[in-house]
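Below you'll find the structure, written out as structure tokens, and then a few comments.
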Amino acid sequence: MELLITLAVIAIVVVAVVTLVFGGLRTSIFFTVKTQENVIVERFGKFKKVAKPGLNIKTPFVETTTKPISLRVRQLEVNIETKTQDNVFVTIPVAVQYVIGEENVVDAYYKLDNPEEQIRSYVFDTVRSSLSTMTLDTSFESKDDIASAVEYRLSESMARYGFQIVNTLVTDISPDQKVRDSMNSINAAQRDRVAAQSLAEADKIKRVTQAEAEADSRRLQGEGVAAQRKAIATGIAEQYEMLKQAGIEDTAQQLLLMTQYFDTLGDVARNGRSNVLFLPSNPGSLGDLFQEVRNSLLSAQEADRAANSVDTGFGPGSPQE
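So this is what it looks like as structure tokens:
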């Protein structure tokens, strides 16, 4: 019975040893590499080969493998605090996208111990050199130029170590909060000034247009009044000629005055604002009114003849040739 127990224990131990040996050999011989990754195989610490994606074989106890090296595009965020030419401190976040080329895996693994730190150093140096020659306003307008300068510097420097720079982005330029508040105040004042100038210009145009309209209205009104007076004068002259032809030349003036008088009364009655109009009622007063109108017309005619005589130099008492 004891012999059977001893043999069973020995068998169990042998199976365990064989399992461990062959399992360890299997894991030390075969290994897999994922897609978009490479693994470097070293023999006694010396580079042997680059293992591609899929199932790979290595010599057990002699060859070792490194950690997987990613071939995907990676992005590094770098925040840089620097000073512009006009002594304004700004913070500039820069995003650098880089990748390791499949043919450059060996250089990328062995030549640089910390590639991200190397990229940071180049970005810091390039951005600070660029910003030192720009004012704050210029830096906002030149974000793309800064990004291009960083990308050119990184591409040239990191290519020696097997890294390819895919893209470089300057995502923002952020000055201090007090500086931002001052810039906002300046921009608001400039917009207020432009708005005030626009309003003043619009008011000026409105006033000029209104003045031109009033001038045109007055001109047209004056032309209308002149045409009306000309028509009245022409009508009176025609009526006077008709009365002369009818043989009532001596009383033609009185008749015309009376006609104009009654026309005036009718116009006043239609368009006047007063409800009461005082007029002479006796014939003598009416005759006096006609006499005054006649005298006024005769005085005006005499004044016109005198003025014409003075202008021509043949007034009363002047020598005649």
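Residue numbers (the UniProt record's numbering): 1 to 321. Virtual Cβ for every residue (Gly too), placed ideally from N, Cα, C. No experiment lies behind these values; they were computed from the predicted model shown.
* Where does Lys206 land, buried or exposed, given buried means 16+ other C-beta within 10 angstroms? -> What you label residue 206 is simply residue 206 of the sequence shown in a count that begins at 1. Answer is exposed; the Cβ neighbour count stays below 16.
* **Range covered by the beta strand (DSSP E) that runs through Pro93** => Locating residue 93 in the sequence shown gives position 93, where the first residue counts as 1. First-last of the beta strand (DSSP E) with Pro93: 89-100.
* **Contact under 8 angstroms by Cβ, Leu131 with Thr82** => Within the sequence shown, residue 131 is the residue found at index 131, counting from 1. Within the sequence shown, residue 82 is the residue found at index 82, counting from 1. Yes, they are a contact pair.
* Rounded C-beta distance between Gly101 and Gln164? I'm assuming under 8 angstroms. -> Residue 101 sits at position 101 when you count from the first residue of the sequence shown. Residue 164 sits at position 164 when you count from the first residue of the sequence shown. Confirmed, about 6 angstroms.
* When you compare only the Cα positions, how much space is there between Asp192 and Ala200? -> Taking the first residue of the sequence shown as 1, we reach residue 192 at position 192. Taking the first residue of the sequence shown as 1, we reach residue 200 at position 200. Cα to Cα, the separation comes out at about 12 angstroms.
* Asked: Skipping 5 residues on each side, what residues in its chain have a beta carbon closer than 6 angstroms to that of Val94?
  -> Counted from its first residue, the sequence shown places residue 94 at position 94. So the list reads Val78, Val123, Val170, once near-sequence residues are dropped.
* **Those residues which DSSP pairs with Lys52 across a bridge** => As a working note, residue 52 is residue 52 in the sequence shown. According to DSSP, Lys52 bridges with nothing at all.
* **C-beta contact flag for Thr65 and Phe44 at 8 angstroms** => Reading the sequence shown from its first residue, position 65 is the one you call residue 65. Reading the sequence shown from its first residue, position 44 is the one you call residue 44. Not closer than 8 angstroms, so no.
* Can you tell me whether Met242 is buried or exposed, with buried defined as 16 or more other CB within 10 angstroms of its CB? -> The sequence position of residue 242 within the sequence shown is 242, counting from 1. Met242 is exposed by the Cβ-count criterion.
* Indicate whether the contact test is met: 3 or more Cβ pairs, each with one atom in the segment 126-141 and one in the segment 84-94, closer than 8 angstroms. => yes
* For Ala189, three-class secondary structure by DSSP -> The residue labelled residue 189 in the question sits at position 189 within the sequence shown. Three-state DSSP puts Ala189 in a helix.
* Inter-residue spacing [alpha-carbon to alpha-carbon] between Pro53 and Thr35 -> Residue mapping note: residue 53 aligns to position 53 of the sequence shown, counting from 1. Residue mapping note: residue 35 aligns to position 35 of the sequence shown, counting from 1. Taking the straight line joining both Cα atoms gives about 5 angstroms.
* Asked: How many Å lie between Ser70 and Asn38 at the Cα?
  -> In the sequence shown, the residue the question calls residue 70 occupies position 70. In the sequence shown, the residue the question calls residue 38 occupies position 38. For Ser70 and Asn38, the distance between alpha carbons rounds to 7 angstroms.
* Asked: Are the Cβ atoms of Ile173 and Phe140 separated by less than 8 angstroms?
  -> Sequence index remark: in the sequence shown, residue 173 carries index 173 (1-based). Sequence index remark: in the sequence shown, residue 140 carries index 140 (1-based). Yes, the Cβ-Cβ distance between Ile173 and Phe140 is below 8 angstroms.
* **Opening and closing residue of the alpha helix (DSSP H) in which Ile80 lies** => Taking the first residue of the sequence shown as 1, we reach residue 80 at position 80. Per DSSP, Ile80 belongs to no alpha helix (DSSP H); it is in the beta strand (DSSP E), 74-83.
* Tell me, which residues are paired with Asn167 by DSSP? -> Against the sequence shown, residue 167 aligns to sequence position 167. BP columns for Asn167 point to Gln97.
* Return the CA-CA distance between Pro115 and Thr59, expressed in angstroms with no decimal places. => Residue mapping note: residue 115 aligns to position 115 of the sequence shown, counting from 1. Residue mapping note: residue 59 aligns to position 59 of the sequence shown, counting from 1. Straight-line Cα distance between these residues: approximately 30 angstroms.
* To do: Name the two residues that bound the continuous alpha helix (DSSP H) containing Thr126.
  => Within the sequence shown, the letter at position 126 stands for residue 126. Its alpha helix (DSSP H) spans residues 115-131.
* Asked: Cα separation between Glu214 and Val208?
  -> Sequence index remark: in the sequence shown, residue 214 carries index 214 (1-based). Sequence index remark: in the sequence shown, residue 208 carries index 208 (1-based). Those two C-alpha atoms are separated by around 10 angstroms.
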